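Enquirer:
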Amino acid sequence: MGGALVRMVGIGKRYGGVQACRAIDFTLGAGEVHALLGENGAGKSTLMRILSGDVTDYDGQIEIDGTPVGFSGPPDAQAAGIAMIHQELDLVPGLSVADNIFLGRELRTPLRTVDRRRMEGSARALLARSGVRLDPRRPVGELRVGEQQLVTIAKAISLDARVLIMDEPTSALTTAEVERLFDVIRELRRAGVGIVYISHRMEEIAQIADRATVLRNGEVVTSFDPRALSTAEVVEAMVGRPVQTMFTTAETDTGAEVLRVESLKLTARRPRPGRRDPDGISLTVRAGEIVGLAGLLGAGRTELLETLYGVAPRGAVEGRIFLQGKEIRPRSPRQALAHGIGLVPEDRRTSGLVLFHSILANTVVSSLPAYGRLGVIARRQERAASVGMAERMRLKFGRLQDEVGTLSGGNQQKVVFGRMLLTEPRLLLLDEPTRGVDVGAKAEIYRLLGELAGQGLGVLLASSELPELVGVCDRVVVLRDGRDVASFSTANSGEGELLAAAMGELQ
Amino acid sequence: MTKNSVVATLFRFQSVFGLLAVVVAAIIFSPRKNGAILFVSADNLANVVRAVSEIGIIAVGMTFVILIGGIDLSVGAMLGLAAVGSAVLMVESDWGFLPSVLLVLVIGLVFGALQGAATAMIGIQSFIVTLAGLQIARGLARIWSDGQGVAIAYGDGPNEAPASFALLGERTFGGLVPIPVLIFAVVAVAAIVFLRVSAFSRHLYAVGGNEKAARLSGVPVVRVKVAVFAICGLLAALAGIVHAVQLNQGSPNDGIGYELDAIAAVVIGGTSLAGGRGSVAGTVAGALLLGVLNNILALNNIDSNIQLLIKGLVIVAAAALQRLRPAS
Amino acid sequence: MTKNSVVATLFRFQSVFGLLAVVVAAIIFSPRKNGAILFVSADNLANVVRAVSEIGIIAVGMTFVILIGGIDLSVGAMLGLAAVGSAVLMVESDWGFLPSVLLVLVIGLVFGALQGAATAMIGIQSFIVTLAGLQIARGLARIWSDGQGVAIAYGDGPNEAPASFALLGERTFGGLVPIPVLIFAVVAVAAIVFLRVSAFSRHLYAVGGNEKAARLSGVPVVRVKVAVFAICGLLAALAGIVHAVQLNQGSPNDGIGYELDAIAAVVIGGTSLAGGRGSVAGTVAGALLLGVLNNILALNNIDSNIQLLIKGLVIVAAAALQRLRPAS
Amino acid sequence: GCGTTSERTGGSPSDGAAKSCKGADGKYTIGMSQANVAEPYRQRMDDDIRAAAKEVPQFDVKFADAAQDNAKQVADVENYITQQIDLLIISPNEAKPLTAVVKKAFDKGIPVIVLDRKVEGDAYTGFIGGDNVQIGSEAGKYVAEQLLPDGGNIVELKGLAGATPQAERHQGFADAIKANPKLKIIAAADGDWLREKGQSQMDALLKANPAIDVVYAHNDPMAEGAYLAAKAAGREKSIKFIGIDALPIPSGGIKAVEQGRLSATFTYPTNGKEAVAAARKLLIDCAAVPKSQVLPTRLIDKSNAAQTYARENPAG
Ligand SMILES: Nc1ncnc2c1ncn2[C@@H]1O[C@H](COP(=O)(O)OP(=O)(O)OP(=O)(O)O)[C@@H](O)[C@H]1O
Ligand SMILES: Nc1ncnc2c1ncn2[C@@H]1O[C@H](COP(=O)(O)OP(=O)(O)OP(=O)(O)O)[C@@H](O)[C@H]1O
Ligand SMILES: [Mg+2]
Ligand SMILES: [Mg+2]
């Protein structure tokens, strides 16, 4: 594999009381895809932010091609050929796709003005390379999360970097997009680019990585060739103990109907480009049942959940929604919560959390009336609830007063999840609830789901991860273009059939 | 407690750093007469706090508005409207003390609530709504008072205000504490306690921190916004009543520019104009800082132009002090 | 083009809806003389635009500042300082036209840049920095002018300003277009073109829209902020020069309260105070809307109190109009 | 001086004056509380006091500016009381709100000289001021008798709505022009005392009113603004402009009359010199001062402008 392209030696980084990285040695060769694994909060993102010049005060040494470097900011790193796709999608919502891709290094005309046409052309080509058809003139703010992720990928690729760091690039992508991304990665590898690949989707690791390094609590635990190990072995290396990754709820098909949706259709008063509102969807969820929602990017899963939760754009709603036999039509999250419907939204940073507020405030905000009387909070109860949630979710945190934004991505997701559980819902709507959550914690969440289902909760789970749908759900409904096109029992169908239905190759 | 956590605890009260620094400077630079430091005389301190009590009351309401990420430019005009209102009602209409004061407070509350509704329901930026509110309130005050200050005379006769109203301007606790200061203190303490213990305050901070997330978490965003603007209007009206009793008149031009002073007190107190971050305690410290600064400059008879320069520099310095972070 | 896309295109120019509505109302309610609609006479329209040209020039700079999520309260005071400066330099110090104007513009630029540096480097909220800047600039203007307006007389003698300066107040194009309007137009067009074609403008929107993303993409955030505040200060100084020549004097109290008018023009023009979203074209429309409104109320000789009410309501209505979205 | 209408209040010069009088050997701190130096008239008042006090070595005058805020002016006076000044000169922003604090100072034995606007009651030592109703009336008479004896159209540019002088200058004028029934105020607008506001209001008034003969502005800056607007419309020759204040400064009304922009202006004396003279009487001569001195206004027109300016502002 030739000499090391990047060598990081003895890297350490502290945040207050948290040692995010300690004495980490890490090397990356040219043409190598090096997977970085570890539980949430293990220090993966921090290590890579150091390499990409985002974090500048750290201990240790970085060498590129054998020469020591010290970056004073991301532009330095980019100049040295290092590009990073950040875990949290850092794009400017008001600027167009093309402007975002070329932000900070705009293409110019001979008159030094921005060459808009050339930028749009290049953007279109770059997007096409990762297999998306997106108008480069659209403002990024109105794109789907998945589409935004593809834009950040295109942006990183456009840097023509020698080192490309991908921090959970596929967390909002479905199988089809992931396949195309892998094609691109293979192409880059052939061109000698060194790639660091971070993901919590274990099946991807074996597929794409040449080498894997596992971090735990900021330290390197082991390094191995993932192709030589089974997924279960990889997971065990990561978590430190064997984990049963998938759960299926006991067949409690006798449960009463919690949710019934009959030909639900939303005609928005002011349609937005790219939205796929429900266009005739029928399904049911029984008590104790976990029903999956499958579909490609833009199939309308998120929009269905939003409509059920009362946050869809204003417009005419046709069809009927029954909750435990009673017809309802939630017009706001408040009403939905009052009915016992909870939602874990897809984008935790923009829709889920107040990042600079405490873990405590973020966990209890939906269930406040439960902790006091006459509008006065009983602080002890509130704390107890928050601590209980943190334990139940195995949250990795310092103190409850810490800002939720300082948690690692996966742990932030757990806070959003835990908050909804505290409202004690009868029906839980989950939109990519395990995005960025590590395998161990995922297993934890699945176990919890199973437990809650056992107590009679109904769950509707939209996910882009086919293994998750097949492994966790009792039944999966496939959406395409805002319609339900198929329904499978996971007992007797697999990922292939789901994918085919989603892509429209099956009736 | 480790040394680190002591420092950290200290820094939690960062918003009073600026105030402390200014107070120390005031004591050092205070003129002396017969060996007595004029600044720290009981009388002078009472004056300092009384001079900031109106801005302080307004600034408490403004803190709420800024915490939800809004702004209220109408408070100065509302103060004028309330001052005119209480004078006209008590003097010209011969209403009693309670009915007048209650009606004026209700006007402030409703006016604020309407502004809140316009920004929460139609989604117009609160800057614009309350800029319009400023003009409307000022216009109403001028019309109500026929454009002239309405003098308040006390007595039982016709066109005289009840003597009970004059009480609001008196001093209490042995002639030491002016009632306006007491009102300010009560308002501030009530607001601080309210923000600490109420469920509503969690909602308020959530709306300011991330409105979308708050809505998805089931926070009644519209209701919170309307309530917050209503509270701000109510407190501005209360300040207007205090203003009228202190100056013995209600004039439609009262309170011009007070909105900037109130916002300055809030922001110097460490509350972020972006919303979701800040405290009423900081605002009180900010208002006192401005009051002490004005007082010490006046006691030293600094030229009013030089005063402007010094005030500008001190404000920046106070704000810079708050950017310090403990080196843990 | 489908019907839908026509509607959508229309709505891209939403910021002028309010202006259009107000202009139509102005034509309807305009007084007539001998069948001629007074409002639309060339003379009156020139007056309308001339009356907003100073606020307009300031508002263009303010748009930049607001686009990066900041605010500049010092512009009115800077206008006063620049007006005083140009009068003192040309009249009392007998400097020539160009040196005076250049020095004043440089003062504005540097003052703005310093404010930008204080907010970008120390991280103090721009509201506070520029509130302090307001007081400092106002104090400097008072000191520089000894507190009194400095009258500008023209001629070649000592203590007379060069006649070339008076040109800035004249009318051109056959006596129709006042030069201040021309300056405003040039500034506005330059700003619009600049925002469309420059890489800097992408950086500016990025800093306002998502500062972290901007930093990660290698945008020089500090430099952008300093530059933007410098531009705003420069334009405020330019407006001050125009002000002095139009009023034949530079007074230290010129421009009091202009900051609110300028911010109002920006926000009515659809720019978000949260940053990252808005346009100079909208600001121009907003400034003209305010000018037309003032003009039509004055033409009809509406009582000044009623004017306040009407202005308030029209501003809210104009802002509400901008919340409409196309139903395509 | 001649024409001064003075009235003495009974026998006892206020007790305050007697107490603080230490004669010519004393050192005196005088506090001057100004309502708003942003008005050129009031800045001039401060300047006059400063100049006059320079001549009295025993006097040390401090200045405070309330920036047009009653509450701030109350605080300013309180701060003077804290500093234990020997005499207070105050030019109140408004009468009623400052009455109490002026009384407080007076009751503490501090002699108080009130300038320009009275406070209520009689808890002050002496008042020196002009009479705005009379000034308005003089202006009205001037228009009715000199400018438009055959009648004509008048436009009135008023001061800030809600300010007392605004109401008084309007009232005096309106009453005086009743003498000539052919005179008509065809339009009025608020100029808020500001030059630029006078200009922009006049822009519209010119448009709406093709026949204007006289513009009566409540102060000189607004009159100048109106003149600039008329000039821009090419109508400055057919309209006469009159103002009030007649400050002897380069940007003031006297110069504007001298240079032909205004037809006339009416003095509104700042009384700064008179205030210092009164202070001298009280503190150094241990004498009483009249309870009220109302100085009459004088007409400044082309015939006496240059001469008046030279007398009142010899420096230039
Ligand atoms: N800005 C910060 N301030 C304080 N603590 C931080 C900050 N950034 C990261 N941390 C802490 O550092 C540790 C490592 O975080 P990091 O984001 O590197 O984890 P990660 O391995 O990327 O996890 P995930 O898989 O969830 O993304 C965590 O405990 C986190 O709370
Ligand atoms: N034009 C638009 N403007 C604003 N938001 C939009 C627009 N189009 C889509 N969205 C938002 O994007 C989200 C849907 O995108 P998302 O990333 O969930 O797609 P997906 O998960 O890939 O597909 P699915 O629709 O199957 O969930 C919703 O929150 C929706 O409100
Ligand atoms: Mg991470
Ligand atoms: Mg989705």
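Residue numbers (my numbering), protein chains in the order written: chain A, 1 to 507; chain B, 1001 to 1328; chain C, 2001 to 2328; chain D, 3001 to 3316. The C-beta atom is built at its ideal place from N, Cα and C for all residues, glycine as well. Because the structure is a prediction, the values reported are computed rather than measured.
(1) At what residue ranges does the region 3207-3245 of chain D contain a whole run of the alpha helix (DSSP H), taking only runs of 4 or more?
(2) Name the residue from A:G218, A:Q207, A:L126 whose alpha carbon lies nearest to the alpha carbon of V18 (chain A).
(3) Got a sec: is the Cβ-Cβ distance from F3063 (chain D) to anything in chain B below 8 Å?
(4) Along the chain, where does the alpha helix (DSSP H) that runs through D2261 (chain C) open and close?
(5) Residues around ligand 3, please: the condition is that the C-beta lies closer than 5 Å to some non-hydrogen atom of it.
(6) Could you pull the start and end residues of the alpha helix (DSSP H) that A491 (chain A) belongs to?
(7) Using only the heavy atoms of ligand 1, determine whether one of them is closer than 7 Å to the beta carbon of K396 (chain A).
(8) Measuring only the C-alpha atoms, how far is G2174 (chain C) from S3238 (chain D)?
(9) Are the CB atoms of V2316 (chain C) and A1118 (chain B) nearer to each other than 8 Å?
(10) Kindly indicate if chain C contains any beta-carbon less than 8 Å away from that of S3292 (chain D).
(11) Please state whether the Cβ-Cβ distance between I290 (chain A) and L461 (chain A) is less than 8 Å.
(12) Let me see if you follow: with CB-CB separation under 8 Å, is T3200 (chain D) close to chain C or not?
(13) Mind checking who K265 (chain A) pairs with in its DSSP beta bridge?
(14) Could you give the first and the last residue of the continuous beta strand (DSSP E) run that contains F224 (chain A)?
(15) L1216 (chain B) CB to nearest chain A CB: under 8 Å?
(16) Whose Cβ in chain B lies nearer than 9 Å to the Cβ of D3076 (chain D)?
(17) Quick one, which of A:P425, A:L449, A:R189, A:P278 has its alpha-carbon nearest L5 (chain A)'s?
(18) Under 8 Å Cβ-Cβ, which residues of chain A neighbour A2190 (chain C)?
(19) For a quick check, are the C-beta atoms of F1039 (chain B) and A1026 (chain B) less than 8 Å apart?
(20) So the candidates are D:Q3199, D:D3131, D:Y3309; which of them puts its Cα closest to the Cα of T3297 (chain D)?
(21) Please report the residue range of the beta strand (DSSP E) in which H200 (chain A) lies.
(22) Check each residue of the region 343-362 of chain A: if its Cβ is closer than 8 Å to any Cβ of chain B, include it; give the result in chain order.
(23) Would you mind listing the beta strand (DSSP E) stretches within the region 2-33 of chain A that are 3+ residues and don't spill past its ends, in chain order?
(24) Would you tell me roughly how many angstroms separate the C-alpha atoms of V2221 (chain C) and S2198 (chain C), rounded to the nearest one?
(25) Taking 7 Å as the cut-off, does the CB of V18 (chain A) come closer than this to any heavy atom belonging to ligand 1?
(26) Determine whether the beta carbon atoms of A1287 (chain B) and G1018 (chain B) lie at a separation below 8 Å.
(27) With a threshold of 7 Å, establish whether the CB of G510 (chain A) neighbours any heavy atom of ligand 1.
(28) Can L407 (chain A) be considered in contact with ligand 1, in the sense that its beta carbon sits closer than 7 Å to one or more heavy atoms?
(29) Check T423 (chain A) in the structure and name its three-state DSSP category.
(30) By DSSP, does E236 (chain A) sit in helix, in strand, or in coil?
(31) Tell me the rounded alpha-carbon separation between G3016 (chain D) and I3089 (chain D).
(32) Which residues in the same chain have their Cβ closer than 8 Å to the Cβ of A2264 (chain C), if we skip the five residues on either side of it in sequence?
(33) Quick one: what does DSSP say Q2322 (chain C) is sitting in, helix, strand or coil?
(34) Along the chain, where does the alpha helix (DSSP H) that runs through F3266 (chain D) open and close?
(35) At the level of alpha carbons, what is the spacing between E177 (chain A) and L466 (chain A)?
(36) Can you give the beta carbon distance from S1251 (chain B) to G1149 (chain B), rounded, assuming they're within the 8 Å contact cut?
Expert: With the given structure in hand:
(1) 3220-3232
(2) A:G218
(3) yes
(4) 2258-2268
(5) A:S45, A:Q87, A:G409
(6) Taken as a continuous stretch (DSSP letters only), A491 (chain A) belongs to no alpha helix (DSSP H), as it is neither H nor E.
(7) yes
(8) 23 Å
(9) yes
(10) no
(11) yes
(12) Inspection of the sequence shows that residue 3200 (chain D) is occupied by Ser rather than by Thr. Taking Cβ atoms only, chain C reaches closer than 8 Å to S3200 (chain D), which makes this a yes.
(13) A:D279, A:E318
(14) 219-224
(15) yes
(16) A1298
(17) A:R189
(18) Residues of chain A passing the Cβ test: none, with the nearest at roughly 13 Å.
(19) yes
(20) D:D3131
(21) Premise fails: H200 (chain A) is in no beta strand (DSSP E) and is neither H nor E.
(22) L343, P345, T350, S351, G352, L353, V354, L355, F356, H357, A361
(23) 4-15, 18-29
(24) 16 Å
(25) yes
(26) no
(27) Since the first residue shown for chain A is 1 and the last is 507, residue 510 (chain A) is missing from the structure and cannot be characterised.
(28) yes
(29) coil
(30) helix
(31) Because G3016 (chain D) sits at a pLDDT of 44, beneath the cut-off of 50, its placement in the model cannot be relied upon, and the following sentence gives the value as read from the coordinates. G3016 (chain D) and I3089 (chain D): Cα-Cα distance of roughly 14 Å.
(32) G2286, L2290, I2315
(33) coil
(34) F3266 (chain D) -> not in any alpha helix (DSSP H); beta strand (DSSP E) instead, spanning 3264-3267.
(35) 13 Å
(36) 3 Å
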